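Please read the structure below before turning to the comments.
Numbering (the numbering used here), first residue to last: 81 to 154.
Written as structure tokens, this is what we have:
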């Protein structure tokens, strides 16, 4: 299930053996005409701390990293 953390970034949580991992997605270009947008995977499986760090370095919008931090509980 995708969790939108901004207009341009979504994450999905994947439960693993004794840990939770996350994947980040961005919308594909040309989605403006679609009712349900398609998403492009931006990362592989990452721990919550690694995903937070990746968001801090990849996106100028610090609200995305803060929103992820709240969702992930870190």
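C-beta atoms are modelled at their ideal positions from N, C-alpha and C, and glycine is treated no differently. From a predicted model like this one, the values you see are computed outputs, not experimental measurements.
Residue i, enclosing beta strand (DSSP E) - first and last residue
| i | result |
| --- | --- |
| residue 100 | 99-107 |
| residue 154 | Per DSSP, residue 154 belongs to no beta strand (DSSP E) and is neither H nor E. |
| residue 92 | 90-96 |
| residue 120 | 119-121 |
| residue 85 | First-last for residue 85: undefined, no H or E at that position. |
Which of helix, strand or coil DSSP assigns to residue i
| i | result |
| --- | --- |
| residue 126 | strand |
| residue 147 | helix |
Buried or exposed (CB count within 10 angstroms, at least 16 for buried), residue i
| i | result |
| --- | --- |
| residue 90 | buried |
| residue 144 | buried |
| residue 174 | Outside the modelled stretch of the chain, which goes from 81 to 154, sits residue 174, for which no answer is possible. |
| residue 148 | buried |
| residue 81 | exposed |
| residue 95 | exposed |
CA nearest to the CA of residue i, picked from the options
| i | options | result |
| --- | --- | --- |
| residue 154 | 121, 102 and 84 | 102 |
Cβ-based neighbour list, residue i, same chain, cut-off 7 Å, excluding 5 preceding and 5 following
| i | result |
| --- | --- |
| residue 111 | 117 and 118 |
Cβ shell of residue i (< 6 Å), same chain only, five flanking positions each side left out
| i | result |
| --- | --- |
| residue 131 | 102 |
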